[in-house]
Each structure stands twice: as structure tokens, then as C-alpha cells.
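Residue numbers (our numbering), protein chains in the order written: chain A, 1047 to 1387; chain B, 1047 to 1387; chain C, 1047 to 1387; chain D, 1047 to 1387.
Every residue, glycine too, gets a C-beta built ideally from N, C-alpha and C.
For clarity, every value in this text was computed on a predicted model and none was experimentally measured.
In what follows, a structure is listed as C-alpha cells, so that the remarks can point back to it.
Protein chains: 4
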Amino acid sequence: MPREFGGAGADWPTVYQAVRILARADSALAHLLGFHHLQLAGIQLYGSAQQQRRLLPQTVAQRAFWGNALNPLDKRLIAVPSAGGYLLNGIKSFASGSVGADWLTISAWDPLANAPLIAVLPAHQPGIDVQADWDAFGQRQTDSGNVRFDNVALADELVLQPASRAPTPQANLRSQVAQLVMANLYLGLAEGALAAAHGYLRDEARPWHASGVEAATEDPFVQHRFGEFHLLVRPAQLLADEAARALDTAFRRGGALDARERGAVAVNVAEAKVLAHRAAIEIGSQLFELTGARSTAGRYGFDRFWRNARVHTLHDPVDYKLRDLGRFALEGRLPEPGAYS
Amino acid sequence: MPREFGGAGADWPTVYQAVRILARADSALAHLLGFHHLQLAGIQLYGSAQQQRRLLPQTVAQRAFWGNALNPLDKRLIAVPSAGGYLLNGIKSFASGSVGADWLTISAWDPLANAPLIAVLPAHQPGIDVQADWDAFGQRQTDSGNVRFDNVALADELVLQPASRAPTPQANLRSQVAQLVMANLYLGLAEGALAAAHGYLRDEARPWHASGVEAATEDPFVQHRFGEFHLLVRPAQLLADEAARALDTAFRRGGALDARERGAVAVNVAEAKVLAHRAAIEIGSQLFELTGARSTAGRYGFDRFWRNARVHTLHDPVDYKLRDLGRFALEGRLPEPGAYS
Amino acid sequence: MPREFGGAGADWPTVYQAVRILARADSALAHLLGFHHLQLAGIQLYGSAQQQRRLLPQTVAQRAFWGNALNPLDKRLIAVPSAGGYLLNGIKSFASGSVGADWLTISAWDPLANAPLIAVLPAHQPGIDVQADWDAFGQRQTDSGNVRFDNVALADELVLQPASRAPTPQANLRSQVAQLVMANLYLGLAEGALAAAHGYLRDEARPWHASGVEAATEDPFVQHRFGEFHLLVRPAQLLADEAARALDTAFRRGGALDARERGAVAVNVAEAKVLAHRAAIEIGSQLFELTGARSTAGRYGFDRFWRNARVHTLHDPVDYKLRDLGRFALEGRLPEPGAYS
Amino acid sequence: MPREFGGAGADWPTVYQAVRILARADSALAHLLGFHHLQLAGIQLYGSAQQQRRLLPQTVAQRAFWGNALNPLDKRLIAVPSAGGYLLNGIKSFASGSVGADWLTISAWDPLANAPLIAVLPAHQPGIDVQADWDAFGQRQTDSGNVRFDNVALADELVLQPASRAPTPQANLRSQVAQLVMANLYLGLAEGALAAAHGYLRDEARPWHASGVEAATEDPFVQHRFGEFHLLVRPAQLLADEAARALDTAFRRGGALDARERGAVAVNVAEAKVLAHRAAIEIGSQLFELTGARSTAGRYGFDRFWRNARVHTLHDPVDYKLRDLGRFALEGRLPEPGAYS
């Protein structure tokens, strides 16, 4: 968050680096950190100068934690105009960080405009029921469950993006901030899995009896596959770093950002996200080929890398990211701005 | 088990088919079933005619269930000669089916012969402590934990294979019976995962908003990847069926089986096992790319396919199976008979 | 060809086996052999009893060789009704075996019926100009170039399938006969490439200086990759053999063949074709990773495996075969009968 | 080459960029350009100050072209001490650029030191017979054939590295200069293949009849696979660019370069080389899946990408690069300095 609003003034490469490092050890916590920053980015990208001046310093002052209830594919939360604002009713799924949040960003369907609005709300406002019902087999501490809204009043001044306003390239940058949080989470998971495999091979693994070598790390097949792992991680790191720099530049362009510039960032982010996705899934699953049967014992918890990566990499389908990249490479077509691209 | 000993007389293709079908729904139970049959096979392959006439009908009569405490890489169980047999002390790990077993097959290190013996024992004999401490993240109900032996008496007539006797090609067929149990378990897991993905896509999945199709099953990327899944499963099925027929023929050869015939079976089994391994791991992990984020909810339990396959496929390293197949294809060299090949 | 028409009475598994074995050494010659049999199959599947009694024994008597000018995607050859038959004008591309053929099977567009007819013609009939202009970088001796037709008379009795007649399941089996010729060609190429790599590694290759082994065949990475090659070829062989048996059964059903039975064959053939495609392309390209730089010398000609496989595997897109298999696995949907599926 | 010796003073990133761009169109010419610069680098890395001051300006003045006869695995060229130098006899294979060269870098085996020396020689000196016998199926214009030496006198002042002198980290940087030439060649080939596929799909390809789209570039499978191609090229570009910067820095360190710094460059170069290798081979082979059968016509020459990449990527085995990377990732072990690592 910019220093003018009381933040530390860290640039995006720094924020993403923090998410990535944290994800090596705990990808759920890293998710919460990344999504907290995503909500603050949303205020800066969607919100008026007045909203920014109010909400951002207040976040610092209250040490407030932000959750996400914005799932754009879930249109069950309805915003009906009411005096000075809207009345919210319905439900929102995949609300990461909703448990424990002080504030929420929400999207809600405005049936008059036939489009969604985006707003912020205190999480503890009457009528908001955070259900803490997330039970996926990974990213368990993200509490990405359902939030119910029962006659919740939303004041106009908390609406960042009315349903009637077409999103600008600047507003459309928010989905890229989110996508790059994910890429860095996946990358941190891949790095964490690599480190776990490395430590186990060095300290605990026994060489396979038919290998003829003295240490597991001397097994040619172990070395070869570890080389493959390295080549899954390194390019994803370079691409994620490049995307973070590109996003940072675009973010600082503010309202001057144009669609072409925004689209170029989306290409960079998509490249990083696909490679990070693959690195996390493949290393999270294949590491066991090297560490062997004893490494599946519960006390190591090495299955968490695959479980967390598997759940989180389903945010949006990788095949459509590949299609977007193919369209770009074939025709120079930039990804259509949306909640996922 | 042959009818002459009171068994149903099913051939190996039938037994393996049963293991595979059961593994679609419950790969731990299928493991127990398969390994029960493995122990009975061991008596037929290692045991004297007298041992077979005693142990096999008794199994039927008592409806006894057999567990495995034979892990050949774990040499911590020591057999010291004693009057009329041996005294056993030590521990054995990865003892699948040990909890609930009536009888166990064990291997124990004979320090005088500097080689292992193979024997059977009643599981409830004094001094045997089944620890029920298996805590891997998959195949949980197999209870493949530790068994401790404290001054356990082993009578000579329960020794199937003394440490001093070099194993015959017939005896060496036991590891192939075991390897093909695993191949069929993996295959059942792959088939189960495919069926789960299929059912979910048909009944619950929504098409991705950017796909432009009405149903998830109409998505070209879903269809394409499902075609890939099909091509992971089908060849593994054909190879596993072929290997089962080859093994059945070799099994019936009894003591006449020679090393070349046994080696040919080992090649067939290795082919089936590698492909089944890959089918189970890949479909178990990739199915989520098709079924999406909502399918990771705990109530579906779809992670069990990957978890069970991941734990079980580490029995012995797939890279060494590939090496064995490469040696065979390059030089006609048959796999060296051993506990895993 | 059936004995009743003077043929040797070989079943389809035998014919395909011959194509496969020949393709190990010369995939262009194998193509010509396979397509010769395809034309004879076409007469049996499309032709009337009278046409079969005339054309098949005559082929044997004249030791006639058949070529293919049937490319269904090329609609430039027009058949205009004329007294007692049609007048043909236009061009046909990808006419494999046209150079040197005594007879041709052709398809021609009938503008009145707005559909193609299928017929046979003596290749040396006036007005037929075989252009011998095939210049692809592989399958060079197949002479799969253009054939021009200039006012060529086609008598009604040589029309196997008029444009006005909807093809029966039996007629639709022809494309599967063709597809399985291709699968066996690809498989023969894969087997030939494997044999070439094997021979070179055994007789000429030097171990890499950093490998620490005495012979290239002892290099663990060589053995491992050769194991992978083996696992590309073996399943394709099993599937191709199974498909040949299924096709043979369907062929013998004659006019009684129904759409479901024909579709089941198409699934089998598609499975075999995709795996054989991959085996040929991958081994044809990857074998050099094992045999090394010196094996690229012109005198070995090892590039022919990739070149021939690459050109021939483009007959129809593998991605659509995978889509068809996915549709089948997802919904039990059989491939839509057509010239390629 | 540095300005002080009359060169243009371009840094290594610029030289490699030139090689890469040229390789898009003609990878053989790019090879010659890259290897010319490699020989000049060799003089700077191995040669004395005096040798540099003599040979480098002379190269500029004479517009001399340098070839390579240094193949370190071919020990058939023998250097016997003689008055004021050596007498050379024997043969050297894989001598890229030898046809048309004015000067050659050679390695020759010194039987007294039991090690190779490295020297330069005028290519037209009596007794040197460039055989122009290169007949590999790719990189044809590189003329990487044999050179025979028959009693060729080599003066001491042309010996850059006597056999008795252990190579310094600076001298050992030469192999990395060479390896990165290759990485950029492969990358240029991948980029060229991508551009060829792109142009053909845009201008000539027809959509597959079963695709239901109007243009080949709209086919979802074409777009998806093109996205994969993009993700093969982009990371290789980033890694090659990073490696070029690292190598440039190391090169400028001159004699102060230490083994650790040199090893870090070798890791960077290995990463780039493996990814560029894969991009070139995979796109060179797979592009046809998109462009289809008609694109194999000789007039397009699209097979040159695979042929050139296939021949050139065999310079040293990719599996040992992966092993080196695995050892580095597992143990921090730097590649052992050598002619290939």
C-alpha cells in the first residue's frame, strides 16, 4: 500500500515475493496475505480518490484484515436499490479469508443494470453470516466457504464500481493482481515441495538396493528427475518475476492505463501462472518417486504440496489460459478482460 | 486356490479381475484381498507338498485371513536356530493386512546362513505384537504398519523356504504374483477415478463460462483430455490381462517352470505395472482439471484416488522397472529375479 | 481377398501384419501394399455382387495393382451424368499409388446429387493424367500426387456407390480399413526405428565419456529411455492386433453389419492409431538422443523414420481422434461415420 | 570482439541475439557466425596478451573467417614436439566451418603430456586437407566434416594452451561460450518454426472439416497447442538472455574469474540449453500437427527445423545436462568443467 495512505510502500514484486516465500511453508496463510493485498489493490483500482483516502488509512489504523467475497461466477447475491444504497440478499461462495476478516470486498448482482456491482463492507455488519463451511481437501486454512447476506444494507459510498459503469482498463487490472497472487502461491508450493524432497533425500532416504550407489542423491534417476524439477521451477520464477515488474508498472499508470498495456500484462501473468501451476502439481506429485514409500508417513505431511496445489490451481481452467496464450501467439489477440483473464 | 485344497479353483485372471474391480471402489480392501491370495500363492510356490496339504485346507476350514510381513528390504527381524526351529526377534515394517490377520507370511534374517528364510506363523501367537501404527496418507485401511516379534518360536515345519535353499524359478514367481496384484490395484484406481470424473462431469459440472458450450461434456478440451485418460487406461488393461494369462500359465507349470519362462512373465508384469502406475497417478491428479474447483469438496472424496495411488505406487521405484524393460528391449536381458523384479 | 474370387484368403490380421512388417523396412512400399488391399476391400464393401465377381478375379488374373484417388476432402473432380454413366473432369490430390497403378478407386463430386460417388477406373484410360508430382519430405515412393481427369468416361457399372445412395454401415467400414492400414504403417515405422536404434547402440555407439560405463547399452539413461520406447510400442501392438481382429469380424458380417458394431470397430481402430502415431513420431525423433551425433550421417538414413512417420501421420488430425475417443469414453458416443472416423 | 583489437565491441548478449535471429532463417549460417565468434573468444580466454594482440587485429584486417577443429572427444590428431613447436598428424572430425575457413582452432593430443593442447593454424597451410565430407541430414551448410593433417608444422607461438598447463576457470569458460551459441541456435530454430507455423496457419491452412470453425486459427486444439509452443519458447528466451548476461559478466572478469563464478554461469547456460533444445525439437516436429498434410510439400521446406535441430542438439547428450542440473539442485554441486559442461 502506498506510503501516502499509511502503507509501507512496497512495490508489487516485493508483495509477490513475500507471498511466494510464505507459500513455501504455508500456502493457505500465503493465500490470505495475498488476497488481503488484492482487496487493497481493488480499492485503488476501482475506488474513487475519496474512497481510497477513507478506506486505506483506516485499514492501517485498525490493522484490519480483508477477505474476498467476489466470486464473479456465483450470481446468487442480489443487490436491490434502496434509499442511499442497496439491500443485499443471497449467498456468495469461495469467499477466501472470510473467516476472521474485518472487511470484505463483494460483488453482487444488480438486476436492474443486469450486471454486477463491486463494493466493500464491514464483515461484522448485521445480516452477514460467514459460514466457515469450507471443506476442500486442500488450502484448508483459507476458509474459502460460503457467506450469507440477509437484508444487509450497503451504502452508496461503499460501492467501488456501480453495475452501470463499464470497467476501465485500470479496473480490469484487478483480475491480474489476483492471478499473479495465485501464480506466486503455486510457485511457493513448488519451491516448498522441492525443498522437502531435497531435505528428505539428503537426510533420510536410502538408495534403492538395485541402484548400486551409496546415497539416494547419487542415484542417476534421482539426479535426472531432480534436474527436471529444477527446470519446472526456474522458468516459472523468471516469468513470475517479469510479470510482477510489468504489473507494477501498469499499476502505477493508474487511470492512464490503456487496454493494450493491460492486455500485455495479462499475457505475462498467464505465462507465469501456467508454468507455476505445472511446477506445483508435477513436483507435488512426482517428488514421491524420489523419496519413496516411507516418505508418505503422516508425520512428514508431504502430501500437502499436491493437495494445496491441486485445490488452488482449479481457480480457473488451465486449458483456457493455454487457449488465450495460443490466440495471442497466433493472432496477437490480447486476452479478453474479465474476472479470470 | 485349487479345488483339491478346498478352494474355488479360480484362475489368476479371475483373481486379478476381482482385485481390480474392488479397487475401483476401495483400493485398500482390494489390497487386502490381493495380498491374502498372494500369501496362499506363496504356500503353493515355496511350500512342500505337505505344507500345502496342511495350510491350504486349514485356511478354508477356518476362513482364515492372511497378512504379509515379508518386506525383504527390512532385515531387522532375526531368526536364530533353536530346538526344532527358530527363535524370532525384531521388527518388520510395511506389514500389509497384519491387523486382523489370522496368519502371517514372514521373512526373517538368518545370520548363520547370511540370507533370509520365509515362513508362516499364526498371527496371534505369543510374542507377536501387531502395532497398527500405519499412518501414511493413502491406502489407510491396509494397516501396513509394524509388527514386533519378541522371542517368537517358529517351528521348522512352518518354514516354507529355509535360508540355505536357493530360490527356484517357481519360488521366484511369488514376486510377480505380488507385482501383478499391484498393477491391478493401480488399474482399478485409474478406472475408479475415470468413473468418478465421468459421473461428475455428467451430473454436476458446469461448463466453463468462456467455453461457449452448454455442457461440460461438450467442452473440446474436456473431450480431448478424456480421450487421453481413455488411452492411459485401455493399454494398461490389455497388458494386465495378458500378464495375468501369462502368469497363470507359469503358475501351473509348478516346479517345471524355468528361469526363462519366469523372466518372460516378469517382463509382461513390468509392462502392465508401469502403465497402470501412470494411469492411476495421472488420472487421479488430472481429473480435477476437468471437474473443477467445486469437485474438491470433502463430500466427494475424489482426492482418494491420487492419495491411494501415490502411496501404493511407491512399493518399488518405477524408474527401475523402466530400466529393466530397457535392458530387456536392448539386450534381451530378463529381469534379475528378486523380491521386486 | 477371399478364395472364392481367386485370392489367398488371408484374414485382416494377416494382411495388417504384412503391412507392419514391411513398414519396418520400407513404409512407402508398405503403404502401397496396404492401399492396394484397401481398394479391394472397397469393392467388397461398396460394390454389388456382380461388380465383385467381375473386378476381383480380374485383379488376380491380370496381377493388377490398385491405386487410390479418393481423397474425400478434395472436391475438384466433378462427375456430370452422361449417356450410360458420367463424364469426369477435374483433379484429385493425395492419390497414393497412382503412379504404376492399373486400376484406381476414385471419388467424384456429383453436382446434381450434391454428394460424392465412388467408382473404379482403369488407370490408363484416355484422359487420365497421373502427374507424378508428389514432393513431400516423407513417404516419397508412395507417389501420392495429383491425378487429372479430362473428359474421362465412367460407365455406370464401374460406379460402386452412387452419390444418391446413403452409405450403409458396411460401406462405412472402408474408412476403418484405411485407418488401420495407417496404424500398422506407423507401428512398423516405430518398430523399425527401435530396431535401428538397437542395432546402432549395440554395434556402433560409444558410451558418453561422463557416463562411467563401458558400453552405450549400459548407460542408465539409455536403458531408461529404451524402456520408454518399449512402452510406446508394446501397447500399440496389442491394440492394433485387437483392432484387426475386431475389423475382421465386422468385415465378415457383410451387409448385416450394424452401426453400433461398426462404431465399436472405429473406437478400437482409433485407439490403435493414436498410440501407433505417437510411437512412430516419438521414437523416430528421440532415438537420436541415444545414438548421438555420429548417427545422423547420411549413410545410416535414420531420419527416414521421422520423415515418413511425420508425413503420413498427418492424414487426419490426431487431436480429432482424441476428441472422438473422449466423446466415446464420456458419453458412449460412437464416432460419426465418415471418411476419417 | 573488443574495440581495442579493432572489433565492434559488441557484448555477448548482442552476439547471441544475432546468432538467434539469424538461426530463425538459416541455422547453419548462424552456426558458422557463432562459431567464428567462439574461436575469437578462445583466443581471448586461452591466449597470451601477445597472442591476442597479434591474432585479433589480424582477423579484422584480413576479414578472416575462423573454423573449429577442436572436437575434444576425437583424439586422433597427434602433436609430436618438434623444433620450435610441434608436428601434427592425424584427423579431426566435426570440424564446423572448416570449409571456407582462413584460420582454424585445433586441439591435438600431446602423447608426452598425455593431454591435449589447443592452438590456432592458418587453414591453408600445407598438409591441411579439409575434406568437405559432412553428410548429416541437418545443418548441412556447416560443413562439419573431417580435416586431415599430414606433417603440419605448428609453431609454439600459435599454441594457446599447452598440454602441460591446467586450464584456469577463465579458460574453462570457452565451453560455456560454445554451449550458449548452441542454445541460441536451437532457440532461433524454435522461433523460426513457430513463425513458419504461424504464417502457414494464417495464410494457407484450411480448418479441419470436423472442427466446425471457419479458420484454422480458430480451432480450439490449434490454439491450445500453439499456447504450448509459446510456453516452450518464452522461458527458453528468458533463460538464454539471463545466461548471456551472466556469461558476459564472467567473460569480463578475465583472469580473475574463479571456479565458483564459472560454475554458476555453467548452470545458467545448461538451463537455457535444455529448454531451447526441447523447444526446437518439439515445435519442429509438432508444428505439422497444426499445419497438416499439405504443409509437408517440398516447396515449404518445413522439415528443415526438425532436421537442423535434431542434428545439432546431439552435440552432447541432454540427459547429462539434466543430471548436472539435478546434482546442482540437490547438492549445490557445480558442473565439472570440461569441454561440454
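Going by DSSP, which residues form a beta bridge with residue i?
| i | result |
| --- | --- |
| Gly-1113 (chain A) | A:Leu-1150 |
| Gln-1207 (chain B) | B:Ile-1164 |
| Leu-1131 (chain D) | The displayed chain sequence assigns Gly, not Leu, to residue 1131 (chain D). BP columns for Gly-1131 (chain D) point to D:Ser-1128, D:Ala-1201. |
| Gly-1136 (chain A) | A:Phe-1195 |
| Ala-1182 (chain B) | A:Ala-1343 |
| Ala-1141 (chain C) | C:Gly-1191 |
| Asp-1156 (chain A) | A:Ala-1161 |
Could you give the residue range of the alpha helix (DSSP H) that holds residue i?
| i | result |
| --- | --- |
| Asp-1287 (chain A) | 1266 to 1298 |
| Lys-1121 (chain B) | Unbroken run through Lys-1121 (chain B): none, as it is neither H nor E. |
| Phe-1348 (chain D) | First-last for Phe-1348 (chain D): undefined, no H or E at that position. |
| Thr-1060 (chain C) | 1058 to 1071 |
| Pro-1363 (chain B) | Unbroken run through Pro-1363 (chain B): none, as it is neither H nor E. |
| His-1323 (chain B) | 1305 to 1337 |
| Gly-1245 (chain C) | 1220 to 1249 |
| Gln-1104 (chain C) | 1095 to 1108 |
For the ligand NAD, any of its heavy atoms closer than 6 Å to the Cβ of residue i?
| i | result |
| --- | --- |
| Leu-1303 (chain C) | No copy of the ligand NAD appears in this structure; indeed no ligand is present at all. |
Note the first and the last residue of the continuous beta strand (DSSP E) segment covering residue i.
| i | result |
| --- | --- |
| Asp-1175 (chain C) | 1174 to 1176 |
For residue i, count neighbouring Cβ atoms within 10 angstroms of its own Cβ and tell me buried if that reaches 16, exposed if not.
| i | result |
| --- | --- |
| Thr-1060 (chain A) | exposed |
| His-1170 (chain D) | exposed |
| Leu-1116 (chain B) | buried |
| Asn-1314 (chain C) | buried |
| Arg-1099 (chain D) | exposed |
| Gly-1372 (chain C) | buried |
| Glu-1382 (chain D) | exposed |
| Asp-1388 (chain C) | The structure shown does not extend to residue 1388 (chain C), since chain C spans only 1047 to 1387, so no value can be given for it. |
Mind pulling the chain C residues with CB within less than 7 Å of residue i?
| i | result |
| --- | --- |
| Arg-1266 (chain B) | Looking at the sequence shown, residue 1266 (chain B) is not Arg but Pro. Correct list: Arg-1369. |
Along chain C, which residues have their Cβ under 8 Å away from the Cβ of residue i?
| i | result |
| --- | --- |
| Trp-1155 (chain D) | Neighbours of Trp-1155 (chain D) on chain C: none; closest Cβ ~14 Å, over 8 Å. |
| Leu-1247 (chain B) | Leu-1376 |
Could you list which residues in chain D have their beta carbon closer than 9 Å to that of residue i, in chain order?
| i | result |
| --- | --- |
| His-1270 (chain B) | Pro-1266, Phe-1267, His-1270 |
| Glu-1288 (chain A) | Leu-1284 |
Which chain A residues are close to residue i, counting only those with a beta carbon under 8 Å from its beta carbon?
| i | result |
| --- | --- |
| Ala-1375 (chain D) | Leu-1240, His-1244, Phe-1272, Gly-1273, Phe-1275, His-1276 |
| Pro-1363 (chain B) | Trp-1254, Phe-1267, Glu-1335, Gly-1338 |
| Asp-1352 (chain B) | Sequence inspection shows Trp at residue 1352 (chain B); the Asp mentioned does not correspond to that position. The answer, in chain order, is Ser-1331, Trp-1352, Arg-1356. |
| Asp-1148 (chain B) | Those do not exist, as Asp-1148 (chain B) stays about 26 Å from chain A at its closest Cβ, beyond 8 Å. |
Please list, in chain order, the chain A residues whose beta carbon lies closer than 9 Å to that of residue i.
| i | result |
| --- | --- |
| Glu-1317 (chain D) | His-1276, Leu-1277, Arg-1280, Pro-1281 |
Which chain B residues are close to residue i, counting only those with a beta carbon under 7 Å from its beta carbon?
| i | result |
| --- | --- |
| Thr-1263 (chain C) | Leu-1376, Glu-1377 |
| Leu-1119 (chain A) | His-1255 |
Check the Cβ of residue i against every Cβ in chain A and list those closer than 7 Å, keeping chain order.
| i | result |
| --- | --- |
| Val-1320 (chain D) | Leu-1277 |
| Ile-1327 (chain B) | Ser-1331 |
Applying a beta-carbon distance threshold of less than 8 Å, which residues of chain B neighbour residue i?
| i | result |
| --- | --- |
| Thr-1342 (chain A) | Ala-1182, Phe-1183, Gly-1184, Arg-1356, Val-1357, Leu-1360 |
Anything in chain D within Cβ reach of residue i, meaning under 8 Å, just list it in chain order.
| i | result |
| --- | --- |
| Tyr-1366 (chain C) | Trp-1254, Ala-1256, Ser-1257, Phe-1267 |
Item to check | Given 8 Å, three or more beta-carbon pairs between the segment 1318 to 1336 of chain D and the segment 1273 to 1287 of chain D | outcome: yes
Checklist entry - Are the segment 1334 to 1343 of chain C and the segment 1356 to 1364 of chain D touching by the rule of at least three beta carbon pairs closer than 8 Å? => result yes
Next on the checklist: Would the segment 1195 to 1213 of chain D count as touching the segment 1118 to 1132 of chain D if we require 3 or more Cβ pairs under 8 Å?
Outcome noted: yes
Item to check | the segment 1230 to 1249 of chain C in contact with the segment 1262 to 1281 of chain B per 3-pair CB rule at 8 Å | outcome: no
Checklist entry - Is there contact here, the segment 1078 to 1087 of chain D with the segment 1047 to 1066 of chain D, by at least three beta-carbon pairs under 8 Å? => result yes
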